[in-house]
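All remarks here apply to the structure that follows.
2 protein chains.
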Amino acid sequence: MPTYKAPLRDIRFVMDELLDFPTHYAQLPNGDDASPEIVSAILQEGAKFTEEVLTPLNQVGDSQGCSYNEGVVTTPDGFKEAYQQYVEGGWPSMTQDPAYGGQGLPSSLGMVLNEMVCSANLSWGMYPGLSHGAMDVLLHHGTDAQKEMFLSKMVEGSWTGTMCLTEPHCGTDLGLIRTKAEPQADGTYAISGTKIFISAGEHDMSDNIVHLVLAKLPDAPGGSKGISLFVVPKFMPDAQGEAGERNGVQCGSIEHKMGIHGNSTCVMNFDGAQGYLIGEPHKGLSYMFVMMNAARIGVGMQGLGLTEVAYQNSLAYARDRLQMRSLNGPKFPEKAADPIIVHPDVRRMLLTQKAFAEGGRALIYYTAQLIDKVHAGGEDANEANELLGLLTPIVKAFLTEAGFEAANEGVQIYGGHGFIHEWGMEQFVRDSRITRLYEGTTGIQALDLLGRKILMSQGESLKRFTKQVHKFCKAEEGNSELAEFTTTLSQLNQEWGELTMQVGMKAMQNRDEVGAASVDYLMYSGYVTLAYFWAQTAKTAQTALANGTNETAFYQGKLATARFYFQKLLPRTRALVATMQTGADSLMAMEDEQFGLGFEI
Amino acid sequence: MPTYKAPLRDIRFVMDELLDFPTHYAQLPNGDDASPEIVSAILQEGAKFTEEVLTPLNQVGDSQGCSYNEGVVTTPDGFKEAYQQYVEGGWPSMTQDPAYGGQGLPSSLGMVLNEMVCSANLSWGMYPGLSHGAMDVLLHHGTDAQKEMFLSKMVEGSWTGTMCLTEPHCGTDLGLIRTKAEPQADGTYAISGTKIFISAGEHDMSDNIVHLVLAKLPDAPGGSKGISLFVVPKFMPDAQGEAGERNGVQCGSIEHKMGIHGNSTCVMNFDGAQGYLIGEPHKGLSYMFVMMNAARIGVGMQGLGLTEVAYQNSLAYARDRLQMRSLNGPKFPEKAADPIIVHPDVRRMLLTQKAFAEGGRALIYYTAQLIDKVHAGGEDANEANELLGLLTPIVKAFLTEAGFEAANEGVQIYGGHGFIHEWGMEQFVRDSRITRLYEGTTGIQALDLLGRKILMSQGESLKRFTKQVHKFCKAEEGNSELAEFTTTLSQLNQEWGELTMQVGMKAMQNRDEVGAASVDYLMYSGYVTLAYFWAQTAKTAQTALANGTNETAFYQGKLATARFYFQKLLPRTRALVATMQTGADSLMAMEDEQFGLGFEI
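Given below as structure tokens:
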């Protein structure tokens, strides 16, 4: 069975040394509460809960899955009890508004906890995870009455939330939804329609489930501009604010999926269910984007979490499994064979996982700081929000692509055993496969990054980030020991801008050029972004070593991993640049009917 | 449910137009039987059997899996009956020696059939597939008595075979095996030990199962030079040659796997089971390599088969699913949205699948011709055998890596639906995952290619192939319409040799350089090899178009796909070259204990 140990030393490295969270917290209005002692306690308790409670349930969840019986969904053994412990530990309220019972700690601390949850038990983590997003929407766009009715219960964790967007015929293209909302005399709405792929749509872990549902009013304009958002509880709140009468929403079935078996993925049937309009009519999609953006970062975190746990178990196996001798002669002549960690290609896979895990952590914790700044408002908020907008599709798509690769390398390191259920490595592959799809596929993230975020801002949003990279490289210009990193990074940073210009110019002639370049462009951006964080990591490690430390091995390992990243992963940009530059022609030239002639005639 | 249609037009293209199988068959001693009429009948009947009988059982096999009860393994509903039809159709004997009841047709025809089987139902195909390899070993290394006892039954299909190599503590490193063979007074051997991961080790489809087992004699030298090969039947043949008394071999359990659920993966316990020595003592591994080499090509075929079926279903979905508008404005304004095949990134994924399927088919059918030539003996056999040795690890590893990518692109094209069992796309990912592992992982194939095949021959084996590529490019030098392909191919072909020299030079100083470069080198070799077949395909298509054809769309589609391959997939070599050239240092520099310090301190 796979194990998991919260990577507290590395989390500390990123928080205390690389990104200086203590100073960051000191500058936040709610930062006083995030004292070093509190942060430390959260890390320790979070590690304990995820290692001891969630990790052992991960394979149980996969093997048992959820079961469905006439509208009732039963979660795997232990899931409900673990959730109870989570509620009793006060975790749901940690970063929520004190006005509704929250502890008001910065969002970033919730994200750090979430990394551990994602490593320990992805399926379980989605129940509180979805709830979190729903709370955000209600807090920002709900009326006072709605907040009163729903938010406090959700903050304490006794009620959970969902987001109901997808329908059988539309996922990406929400303009096509058919779910209807009929205004009622009492000011509420009768919601009717079918939603699919609703994660945590029905389960046995909470007293009530609060659905946020996209639907169309009778007078709605066509397409995505005619979508409104409604809050539709499973049970209507009664006079005491408790879960009362059953509302007209039922789980029709649950999906049989490749992975995340422990999470219920529901078909939800709304049959005149009573709902309340959130905000203004026809603006639902923009409200939902609050939730979707947070969810996208959350899925990026899933990618990171799975990368980390795949790495930990791969490393343990590579140290333990004896097979063949080192190509340079026996390293452990006293053993029947050498442990496979001596083989260069096994090390390549381990280091790939390590570089993605630790580099990904730096990137996503950086976005966590941006989220804190956006929430804090004030003068930094705008700048932070723009940067966050740029980095969100990179975090979502790049870290999930990396997570899937890392999980697959885990299987590869285990060899045939990797394919066998009981070893647990194949579950990480199956679980991570969904992260490349939900909350917008990699292709959709790529269009968001290149089309919406970068080209629509005439490249301004990118410049905001590349300037920062440039500044870092410039500042280290005289640092010859860092030159192996900064020289390459500086070149790529410049190339990034040039590539953007090239695609932008081509796109003015032909919009398909954006779609043709987009995924290569996103992956390129991801590699360069991670290179920036690895260069900073190298700098931090170098400084620690220069200043004297009793953790020499830790910092030398950081430098070695940075070097690996620059030599073995970053060159992937060469292929991406080459394919990008060939443009759209080879994709668009083929006539649709020519595709299938090998088997159709 | 996924569908499958045998790609007969493309198979015809490769066999008749690209690789001129009619002439190839005319030059084989057993080629007369492979007349155009016979070939045509085999293709038609093979298509019918795989489309109508095997395809509908593929999801059944995945959902039900095999079940185990006290040593008895029951295959999924319909598997047994399908196998009966297969036997009645005379398929097992098609390419076998007429001396044992075979039809004596060239091996390549069996491979063509096997492609269809792999697309239709990978799990089912492994039952006869393993048997095929076992027959090869018995034919080449068995005594007359052994052939008499086992081969005829296997040729008619009433008995099946297995290969028993792996043990719990060793897979790659067979020198470590512990299974023992004690010589008995009657000249037989008592085999004792545990074998794992034995595909088709126990099942209900045949009257007897003939295991080929690696074991050690009491006086065996240590390591891989002390391994002998034994034939151990489940039931001892009785005086009439039928399955008689039960032998001392039992299936102890079956594995719960990520995929290929329909195939039984068995733990086999040998408890003093009666066995017969094959060939000479201590030479078992070399005999088994006959089987393993064939099996490796067979696994490459699995990669191809899954690429093809993933492509077919992705294409159907991409034409059907309406989502968003073309970036250049509506293509089907009368519909609610455009079919997703209009989107450049969806086309990128479809064309990747198509390029791997059709290019892979050309490559593997070419190796099928080499196998025919080796079987035929004669003056071409040596040359063919050398080329086959070079191409085997490329076929195995490159086509399975490509198959996994193609299957994943299938899931990606289906979006969220790709993750759902009933749509069938995720099964292709799970099934294809094993192909990168068994019969030697990609890493092992890479060491075989670079270390054993190329460097140990001082690069001679590679030159044999690059000369052929060079000759092709040279011959087309004046062909300006082909220059977009031959110019690049020619450069890569030269670079391939140079890279080999570079790695070889470095390896003389440090053997780890081989391991460090190997997987990048193998993938590079795969891309260049496929480029050669795509360039030849382009030439063939060009000629057909120039000569006048009523299938203009088919040949234009070939040219467009070749162009896509050169512009969008071949540039991946740029990253591989860049990473290869950074050598082993960044992999080997890190101390073992530095790997885990992020979570261990």
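Top to bottom, those sequences are chains A and B. The first sequence begins at 0 in numbering that gives the first Met the number 0 and counts up one residue at a time. The second sequence begins at 0 in numbering that gives the first Met the number 0 and counts up one residue at a time. Where a beta carbon is used, it is the ideal one built from N, C-alpha and C, also for glycine. Given the structure is predicted, the values throughout are model-derived calculations rather than measurements.
Within the same chain, His140, Leu228, Tyr286 come within 7 Å of Gly278 (chain B) by CB-CB distance, once the 5 residues on both sides are set aside. At a Cβ-Cβ threshold of 8 Å, Phe427 (chain B) and Gly409 (chain B) count as neighbours. For the segment 318 to 331 of chain B, residues whose beta-carbon sits nearer than 9 Å to a beta-carbon of chain A comprise Arg318, Arg320, Leu321, Gln322, Met323, Arg324, Ser325, Leu326, Asn327, Gly328. The beta carbon of Asp237 (chain B) is closer than 7 Å to those of Gly243 in its chain, skipping five residues each way along the sequence.
Scanning the segment 129 to 199 of chain B for uninterrupted beta strand (DSSP E) segments of 3 residues or longer gives 158 to 163, 179 to 182, 188 to 198, listed from N- to C-terminal end.
Shortest Cα-Cα distance from Glu382 (chain B) to any of B:Asp430, B:Cys265, B:Glu459, B:Ser62 involves B:Glu459.
For Ile340 (chain B), the chain A residues whose C-beta falls within less than 7 Å of its own C-beta are Asp591, listed in chain order. Per DSSP, the beta bridge partners of Tyr67 (chain A) are A:Val72. Excluding the 5 residues flanking it on each side, Gly109 (chain A) has same chain C-beta neighbours closer than 6 Å at Met93, Thr94, in chain order.
For Gly283 (chain A), the number of other beta carbons within 10 angstroms of its own is at least 16, and it is reported as buried. Take Val341 (chain B), set aside five residues on each side of it, and the residues of its chain with a beta-carbon closer than 7 Å to its own are Ser325, Lys330, in chain order.
Taking 4 residues as the minimum length, the segment 211 to 285 of chain B contains no alpha helix (DSSP H) run wholly inside it. For Pro338 (chain A), the beta-bridge partners assigned by DSSP are A:Leu321. In the same chain as Ile393 (chain A), and ignoring 5 residues on each side of it, the C-beta atoms closer than 7 Å to its own belong to Leu448, Leu521, Ser524, Gly525, Thr528, in chain order.
Not one beta carbon of chain B lies nearer than 8 Å to the beta carbon of Cys250 (chain A).
Counting only Cβ-Cβ distances below 9 Å, Ile419 (chain B) has contacts in chain A at Phe196, Glu254, His255, Lys256, Met257, Thr264, in chain order. For Ala559 (chain B), the uninterrupted alpha helix (DSSP H) run begins and ends at 551 to 563, by DSSP. Lys152 (chain A) is positioned such that its CB atom lies no closer than 8 Å to that of Asn68 (chain A). For Asn312 (chain A), the secondary structure class from DSSP, reduced to helix, strand or coil, is helix. CA-CA distance, Gly302 (chain A) to Asn113 (chain A), rounds to 12 Å.
If you draw a 10 Å sphere on the C-beta of Ile339 (chain B), you find 16 or more other C-beta atoms in it, and that means buried. Looking at the backbone, the Cα of Ala445 (chain B) and that of Gln411 (chain A) are separated by about 14 Å.
Secondary structure at Ile600 (chain B): coil, using DSSP grouped into helix, strand and coil. Using a Cβ-Cβ cut-off of 8 Å, Met587 (chain A) counts as an interface residue toward chain B, since at least one Cβ of chain B sits closer than that to its own. Around the C-beta of Asp19 (chain B), fewer than 16 other C-beta atoms lie within 10 Å, and the residue is accordingly described as exposed.
For Phe532 (chain A), the enclosing alpha helix (DSSP H) begins and ends at 511 to 546. Residue nearest to Ala537 (chain A) within the set A:Gly77, A:Gly377, A:Phe471 is A:Phe471 (criterion: CA-CA distance).
Between Leu349 (chain A) and Asp337 (chain A), the CB-CB gap reaches or exceeds 8 Å. What Thr440 (chain B) touches in chain A, judged by beta-carbon distance under 8 Å, is Gln411, Gly414, going in chain order. Approximately 6 Å separates the beta-carbon atoms of Thr264 (chain B) and Phe196 (chain B); this is inside 8 Å, confirming the contact. Any Cβ of chain A closer than 8 Å to the Cβ of Ala367 (chain B) would place that residue at the interface, and such an atom is absent.
Against Asp9 (chain A), the close residues of chain B are Leu596, Gly597, Phe598, in the order they occur along the chain (beta-carbon pairs closer than 9 Å). Of the candidates B:Gly595, B:Gly359, B:Gly124, B:Leu129, the residue whose Cα lies closest to the Cα of Arg318 (chain A) is B:Gly595. Put simply, the backbone Cα of Phe598 (chain A) is about 8 Å away from that of Gln311 (chain B). With the criterion set as a beta carbon lying under 7 Å from some beta carbon of chain A, the members of the segment 548 to 573 of chain B are Ala552, Phe553, Gln555, Gly556, Ala559, Arg562, Phe563, Gln566, Lys567, Pro570, Arg571, Arg573, in sequence order.
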